Amino acid sequence: MARPRKEAPQRNLDRDENARQQPTEEPQDEAPRNQGRQQQQQRPPAAPRRPRRFRPGTVALREIRRIQRSNVPLIPHSPFMRLVRELAAEFLDDCRFAAETFIMLKEVVEDELVNHFGNVQICSIHAKRIIITVKDFKLAKLLKGEPED
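This is how it looks when you write it as structure tokens:
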């Protein structure tokens, strides 16, 4: 037994065609389109936006991640050179350095500082604290085997 085929409802074509054929009336006193752009340019400048305020610690964590991803030296070159020359002057009267010496020394010092701060952070975490303190530095120095000052 074949089902009777349902036919789609007939649309009133007269109404749809009339709607399409009717021209849209535009007001005659309307300004040209590019005048809106001119009005935007003539507006007084808006007040400068205040910078977004982040929750405490968000910016610090972002900076830490950025520094950890980078591989650029963190110690400024000129102050480091001055310090090395000053320390060398205490031991030697006339001491000269090659340019590569400062680069090598700076890399070694930065590596040592990063390792030391890592140990200090481990000491802080062991004490169930988030903030590193002076006693963490002293404990890390003791564990490394260096004499306490």
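With my numbering applied, the sequence shown covers 11 to 159.
Every residue, glycine too, gets a C-beta built ideally from N, C-alpha and C.
None of the values given here were measured: they were computed from a predicted structure.
### Message
Quick check on the burial criterion: 16 or more other C-beta atoms within 10 angstroms. Buried or exposed for C105?
### Response
With fewer than 16 other Cβ atoms within 10 Å, it is exposed.
### Query
DSSP state of E158, grouped into three classes?
Judged by DSSP in its simplified three-state form, E158 adopts coil rather than helix or strand.
#### Entry: Three-state class that DSSP yields for S80 in the structure shown
Reduced to three states, the DSSP call for S80 is coil.
### Task
Check each candidate in R53, D146, E110 and name the one with the smallest Cα separation from I132.
Looking at the Cα atoms, D146 is the closest of the given residues.
### Task
Report yes if the C-beta distance between I85 and V119 is below 9 Å; otherwise report no.
I85 is a Cβ neighbour of V119, given a cutoff of 9 Å.
### E156 versus K148 - alpha carbon distance
Those two C-alpha atoms are separated by around 10 Å.
### Message
Measuring only the C-alpha atoms, how far is R76 from A98?
### Response
Straight through space, the alpha carbons of A98 and R76 are spaced by roughly 34 Å.
### Task
Would you identify the three-state DSSP class for R95, choosing helix, strand or coil?
Here R95 carries a helix assignment [DSSP, helix/strand/coil].
### Rounded straight-line distance, which links the Cα of R53 to that of N129
So the two alpha carbons sit approximately 58 Å from each other.
### Query
Quick one: what does DSSP say T68 is sitting in, helix, strand or coil?
DSSP places T68 in the helix class (H, G or I) of the three-state scheme.
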